[in-house]
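The structure appears below as structure tokens.
Numbering (UniProt numbering), first residue to last: 1 to 556.
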């Protein structure tokens, strides 16, 4: 059996100029980065502003196992299937982070015969967007400490600097550090720390901006610290938002590549989904909607995290209206939610499927709660039994939800034709009455109550003393009237990763509340969420190599 990289390396890619031409773009609309990838001009949106948008299909999932359930693979496979069916389909994905690539989870380029290519480039540096974000972020971090060193006219309280440095790599040793060691020439001594680039507010800003000037304004609105009087200090007070936007002038342009079957794929932005909002950029999605009749995009992790944030944050800011939602489920994940141990997930166990399917049922309810019709995609694995698959299909049929067995990993677009038919039928025959869950003008606690009770199924929210204090501070400065971005475990509907299936009667504990003022949302931390992951005992990097002829080995 070929590995993902072996499949990708044996594919026949079209020159990206041809891929662009197939969706109505000219050479003036693209900026080449080699033969097989390019940047898209921001002028495309203006040129096509009168053109009707295509239909937007979101791919989400049930709460996953640690290995993931193939959401990106299904997204790519569905796009390929729609093209195979003669539809003008465009895929919109997030960019991979180097941290997971060299760690344990892998990239975000799909898998098997449902991949975007050139996969080596996409997973390794791509067009440099991550580095631009890192540089812009760290310019602001350097400006903060330099301002304090040069006299601190803003009276920044060095104990209350909330903006952190970032790097696009998993490095646990940088989570908590001390800077300014070495005496007076090296600045003031203080505690600091690093986050991974994809968890930074600058990444979120890139993905939620509607133009370069919007991005610059959002950069200026980043809350970086509080002064000695307890008042907010913003990036614009340090006067570096223009320089930060300058560093982002190329990164703001979406990237165009293709799938193994030459389906166009726009890949742009990559915020973490359990920390940030987990969706590709608004500009990339809007561009795809102008270029394709059907756009297939994804949101990170389960529907309780990714889809909720896609709806309440991205769709709110981008004025997007999804037509259909695909919920990816696997037999192994459903059995996991039914209490089966990892080593037994490959064994036939219909009883565990019957217990674990409650998680899928809740996610279906969640999607319907936003007024969007769902379709269930069963992402098939070789260990799945016919009895288990039939149980899931029958269960979905009883719920009145279309369900399709999906084999895109093994068969590419051909393996997604049934899913494609189900999606098209749903779009044509079921109207989407999409609506956000709450109004931004509600109080922070009112918004949290709606998310936790309606989406997670909790009975209520418990606040730590620190969280209570932070909420009052945000209200004091008028920073509370924004959408909520909850950081929690992806493995459970609750904030406890051990509570599998469809837990009831639990409370969500809010530990910390802070504002990403530039991005435009409030971050609420529950549980123990790492903003700087660590590498595993055996990192994926140990299996990677490059040969004398430039051939890459071991990259998935």
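Just so it is clear, CB atoms sit at the ideal spot from N, CA and C, and this is done for glycine as well. Quick caveat, the model's predicted, so the values are computed rather than measured.
Given this structure, state the Cα-to-Cα distance separating residue 185 from residue 146, to the nearest angstrom.
As a working mapping, residue 185 is identified with position 185 in the chain shown. As a working mapping, residue 146 is identified with position 146 in the chain shown. One C-alpha to the other measures close to 11 Å.
If residue 594 and residue 139 are in contact, beta carbons under 8 Å, what's the gap, nearest whole angstrom?
Outside the shown range of the chain (1 to 556) lies residue 594, about which nothing can therefore be said.
How is residue 192 classed by DSSP in three states: helix, strand or coil?
Counted from its first residue, the chain shown places residue 192 at position 192. Three-state DSSP puts residue 192 in a strand.
Provide the residue span of the beta strand (DSSP E) that contains residue 266, from first to last.
Here residue 266 refers to the residue found at position 266 when the chain shown is read from its first residue. Unbroken beta strand (DSSP E) run through residue 266: 264-267.
Beta-ladder partner(s) of residue 502, from DSSP:
Numbered from its first residue, the chain shown carries residue 502 at position 502. Residue 502 pairs with nothing; no bridge assigned.
By a C-beta neighbour count over all protein chains shown, 10 Å radius and 16 as the cutoff for buried, is residue 420 buried or exposed?
Taking the chain shown and counting its residues from 1, the one referred to as residue 420 is at position 420. Burial call: buried.
Report yes if the C-beta distance between residue 373 and residue 297 is below 8 Å; otherwise report no.
On the chain shown, position 373 is the one that residue 373 refers to. On the chain shown, position 297 is the one that residue 297 refers to. No. Outside cutoff.
At a cut of 8 Å, does the stretch 257-266 reach the stretch 450-463 through at least three beta carbon pairs?
Taking 8 Å as the limit for Cβ pairs, the verdict is that the stretch 450-463 does not touch the stretch 257-266.
For residue 55, write down the residues that DSSP places opposite it in a beta bridge.
Within the chain shown, residue 55 is the residue found at index 55, counting from 1. Paired residue(s): 294.
Cβ pair residue 251, residue 212 closer than 8 Å
Here residue 251 refers to the residue found at position 251 of the chain shown. Here residue 212 refers to the residue found at position 212 of the chain shown. Result no, Cβ atoms of residue 251 and residue 212 do not sit closer than 8 Å.
Decide if residue 520 is buried, meaning its Cβ has at least 16 other Cβ atoms within 10 Å, or exposed.
Here the question's residue 520 lines up with position 520 in the chain shown. With 16 or more Cβ atoms within 10 Å of its Cβ, residue 520 is classed as buried.
Do you know offhand how far residue 358's Cα is from residue 63's?
Working through the chain shown from its first residue, we reach residue 358 at position 358. Working through the chain shown from its first residue, we reach residue 63 at position 63. Computed Cα separation, rounded: 11 Å.
Assuming residue 127 and residue 255 form a contact by the criterion Cβ under 8 Å, report the distance between their Cβ atoms to the nearest whole angstrom.
Position 127 of the chain shown, counting from 1, holds the residue named residue 127. Position 255 of the chain shown, counting from 1, holds the residue named residue 255. Right, the Cβ-Cβ distance comes to about 5 Å (below 8 Å), so this counts as a contact.
For residue 324: DSSP bridge partner residues:
Here residue 324 is taken as the residue at index 324 of the chain shown, counted from 1. When DSSP reads this structure, residue 324 sits in a beta bridge with 57.
Limits of the beta strand (DSSP E) - the one that residue 5 falls within
The sequence position of residue 5 within the chain shown is 5, counting from 1. No beta strand (DSSP E) contains residue 5, which is instead part of the alpha helix (DSSP H) from 4-9.
Integer Cβ distance of residue 431 from residue 466, believed to fall under 8 Å
For this step, residue 431 is matched to residue 431 along the chain shown. For this step, residue 466 is matched to residue 466 along the chain shown. No, residue 431 and residue 466 are not in contact; Cβ-Cβ is about 45 Å, not under 8 Å.
Just checking my contact of residue 115 with residue 4 at CB under 8 Å: how many whole Å lie between their CB atoms?
On the chain shown, residue 115 is found 115 positions in, with the first residue counted as 1. On the chain shown, residue 4 is found 4 positions in, with the first residue counted as 1. Contact flag correct, Cβ pair sits at about 6 Å.
Could you check what DSSP says for residue 122 in three-state terms: helix, strand or coil?
Here residue 122 refers to the residue found at position 122 of the chain shown. It is helical.
Going by other Cβ atoms of all chains shown within 10 Å of its Cβ, with 16 needed for buried, is residue 443 buried or exposed?
As a first step, residue 443 must be located in the chain shown, where it is residue number 443. Exposed.
For residue 119 and residue 79, I'd like the C-alpha separation in whole angstroms.
As a first step, residue 119 is located in the chain shown; it is residue number 119 there, counting from the start. As a first step, residue 79 is located in the chain shown; it is residue number 79 there, counting from the start. Near 17 Å, if we compare the C-alpha coordinates of residue 79 and residue 119.
Cβ neighbours of residue 295 in the same chain (closer than 8 Å, five flanking residues each side left out)
Reading the chain shown from its first residue, position 295 is the one you call residue 295. Cβ neighbours of residue 295 beyond the five flanking positions: 54, 55, 56, 57, 89, 90, 91, 92, 285, 288 and 289.
What does a CB cutoff of less than 8 Å around residue 349 pick up in its chain, not counting 5 residues either side in sequence?
Taking the first residue of the chain shown as position 1, residue 349 is located at position 349. 335, 338, 340 and 388.
Residues bridged to residue 507 by DSSP?
Along the chain shown, one-based indexing puts residue 507 at 507. By DSSP's assignment, residue 507 forms a beta bridge with 460.
Helix, strand or coil for residue 130 per DSSP?
The sequence position of residue 130 within the chain shown is 130, counting from 1. Residue 130 falls in the helix class under three-state DSSP.
When 369, 320 and 390 are compared against residue 351, the one with the closest alpha-carbon
By 1-based counting over the chain shown, the position of residue 351 is 351. Among 369, 320 and 390, the Cα nearest to that of residue 351 is on 390.
Shortest alpha-carbon distance to residue 28 belongs to which of 41, 16 and 19?
For this step, residue 28 is matched to residue 28 along the chain shown. The residue with the shortest Cα to Cα distance from residue 28 is 41.
Thinking C-beta only, is residue 204 closer than 8 Å to residue 277?
As a working mapping, residue 277 is identified with position 277 in the chain shown. As a working mapping, residue 204 is identified with position 204 in the chain shown. For the pair residue 277 and residue 204, the CB atoms are nearer than the 8 Å cut-off.
Roughly how far, in whole angstroms, is the beta-carbon of residue 561 from the beta-carbon of residue 303, given that I think they are within contact range, below 8 Å?
Examination of residue 561 is not possible in this model, given that the chain is present from 1 through 556 alone.
Going by C-alpha to C-alpha distance, which of 196, 71, 142 and 170 sits closest to residue 179?
Counted from its first residue, the chain shown places residue 179 at position 179. Nearest of 196, 71, 142 and 170 to residue 179, Cα basis: 142.
What residue does the alpha helix (DSSP H) around residue 157 start on, and which one ends it?
Taking the chain shown and counting its residues from 1, the one referred to as residue 157 is at position 157. No alpha helix (DSSP H) holds residue 157; the beta strand (DSSP E) holding it covers 156-161.
Endpoints, beta strand (DSSP E) assigned at residue 32:
Within the chain shown, the letter at position 32 stands for residue 32. Counting along the chain, the beta strand (DSSP E) containing residue 32 begins and ends at 30-32.
Pick from 502, 168 and 434 that is closest to residue 369, judged by C-alpha positions
Here the question's residue 369 lines up with position 369 in the chain shown. Here the closest residue by C-alpha is 434.
Give me the Cβ distance between residue 417 and residue 85, rounded to the nearest whole Å; I'm assuming they're in contact under 8 Å.
As a working mapping, residue 417 is identified with position 417 in the chain shown. As a working mapping, residue 85 is identified with position 85 in the chain shown. Between residue 85 and residue 417 the Cβ distance is about 7 Å, and since that is below 8 Å, they are a contact.
Buried or exposed: where does residue 97 fall if 16 or more other Cβ atoms within 10 Å of its Cβ makes it buried?
Taking the chain shown and counting its residues from 1, the one referred to as residue 97 is at position 97. Residue 97 should be labelled buried.
Pull up the CB-CB distance for residue 162 and residue 380, whole angstroms please, since I reckon it's below 8 Å.
Taking the chain shown and counting its residues from 1, one reaches residue 162 at position 162. Taking the chain shown and counting its residues from 1, one reaches residue 380 at position 380. That pair is no contact at about 45 Å.
Let me check understanding here. Comparing Cα to Cα, which of 499, 522, 460 and 502 lies closest to residue 475?
Here residue 475 refers to the residue found at position 475 when the chain shown is read from its first residue. With distances taken between Cα atoms, residue 475 lies closest to 522.
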